[in-house]
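What follows is one structure encoded as structure tokens, with my remarks underneath.
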Amino acid sequence: MAKTIIVSTIELATFLGLTKQGLYKRGELPPADFISVGGRECWLPKTAEAWDATYRQKHGAGRPATKN
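So this is what it looks like as structure tokens:
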């Protein structure tokens, strides 16, 4: 059985190289792929990447520098 990776808000920020605060400063989140039993939004990595690419195209932001 294949495993499906889903990410929460904090993981979404980390996955995109942002802080949680930086993610919220964007003023919007992508539509959730799933809602957990506790009511938390969750996303597939491909949803996060597509949303991030669209956001960066609209706002002219480059990819954040990676840490070594």
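Position 34 (the sequence shown) corresponds to 34 in the UniProt record's numbering; numbering is contiguous. Glycine included, each C-beta is placed from N, C-alpha and C at the ideal position.
For this session: Could you check which residue in Phe34, Gln21, Gly27, Leu23 has the C-alpha nearest to that of Ile5?
Result: Phe34
Problem set entry | Three-state secondary structure (DSSP) of Glu28 | coil
Problem set entry | Cutoff 8 Å; reference Ala48; Cβ partners in own chain excluding five residues on either side | Val7, Leu12, Phe15, Leu16, Pro30
Problem set entry | Identity of the residue in Met1, Thr9, Lys58 nearest Ala32 by Cα | Thr9
For this session: Kindly indicate which three-state DSSP category Ile10 falls into: helix, strand or coil?
Result: helix
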